[in-house]
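First comes the structure, then the notes that go with it.
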């Protein structure tokens, strides 16, 4: 698995780097996290209009937050315009093997926000580089679901 293999050029989603020497469990956690992250970016790039399948990659309070944010974005008539870049700094699996955390830096500095007429409504708050830590929980079908996400402040990390 490589950063390039996790990227999706069609979506405008680039994984710049991933940790080396991940074991099999960490690799699965990272793959499932990237599936979640891409799914959320599809929602934001689509203006919150289609949340189909999001319940396959996230759960609990995080699922509710994604759906609520999508509804707000749809109501506001806004959508994000790629690109977005991600650097994965750590994939930690707890000793029990049922929870994990993926730590990344998200670079939205080249991303823009458009209104429903296609006008650029990007603000400084949209163009950020921000750290994010996502708790992943092992589900009954052995997939890892995003269950909680915490974001830091702009400028606390760098993708480059």
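Residue numbers (UniProt numbering): 1 to 160. From the three backbone atoms N, C-alpha and C, an ideal C-beta is built for every residue, glycine too.
Validate contact between the stretch 117-134 and the stretch 11-27 using beta carbons, cut 8 Å, 3 pairs: no
Residue 102 vs residue 33 beta-carbon contact at 8 Å: Against the chain shown, residue 102 aligns to sequence position 102. Against the chain shown, residue 33 aligns to sequence position 33. Result yes, Cβ atoms of residue 102 and residue 33 sit closer than 8 Å.
Residue range of the beta strand (DSSP E) that includes residue 107: In the chain shown, residue 107 corresponds to position 107, counting from 1. From DSSP, the beta strand (DSSP E) with residue 107 extends over 99-107.
Limits of the unbroken beta strand (DSSP E) element including residue 14: On the chain shown, residue 14 is found 14 positions in, with the first residue counted as 1. DSSP places residue 14 in the uninterrupted beta strand (DSSP E) bounded by 13-17.
Span separating the alpha-carbon of residue 51 from that of residue 41: Taking the first residue of the chain shown as 1, we reach residue 51 at position 51. Taking the first residue of the chain shown as 1, we reach residue 41 at position 41. About 11 Å.
Those residues which DSSP pairs with residue 114 across a bridge: Indexing the chain shown from 1 puts residue 114 at position 114. Beta-bridge pairing links residue 114 to 79 and 120.
In DSSP terms, what residue 90 is bridged to: Numbered from 1 along the chain shown, position 90 holds the residue referred to as residue 90. Answer by DSSP bridge pairing, in chain order: 103.
Residue 146 vs residue 10 beta-carbon contact at 8 Å: As a position in the chain shown, residue 146 is number 146, starting the count at 1. As a position in the chain shown, residue 10 is number 10, starting the count at 1. For residue 146 and residue 10, no; Cβs fall outside 8 Å.
The stretch 21-40 contacting the stretch 135-143, beta-carbon criterion three pairs below 8 Å: yes
Burial state of residue 117 (16 or more Cβ within 10 Å): For the purposes of this step, residue 117 is taken as residue 117 along the chain shown, with counting starting at 1. Under the 10 Å beta carbon count, residue 117 is surrounded by fewer than 16 other beta carbons and is classified as exposed.
Collapsed DSSP secondary structure at residue 156 in the structure displayed: Residue mapping note: residue 156 aligns to position 156 of the chain shown, counting from 1. Three-state result, residue 156: coil.
Opening and closing residue of the beta strand (DSSP E) in which residue 133 lies: Here the question's residue 133 lines up with position 133 in the chain shown. Start and end: 129-138.
Spatial distance of residue 4 from residue 49 (CA atoms): Counting from one through the chain shown, the residue named residue 4 turns up at place 4. Counting from one through the chain shown, the residue named residue 49 turns up at place 49. A direct Cα-Cα distance of roughly 28 Å separates residue 4 from residue 49.
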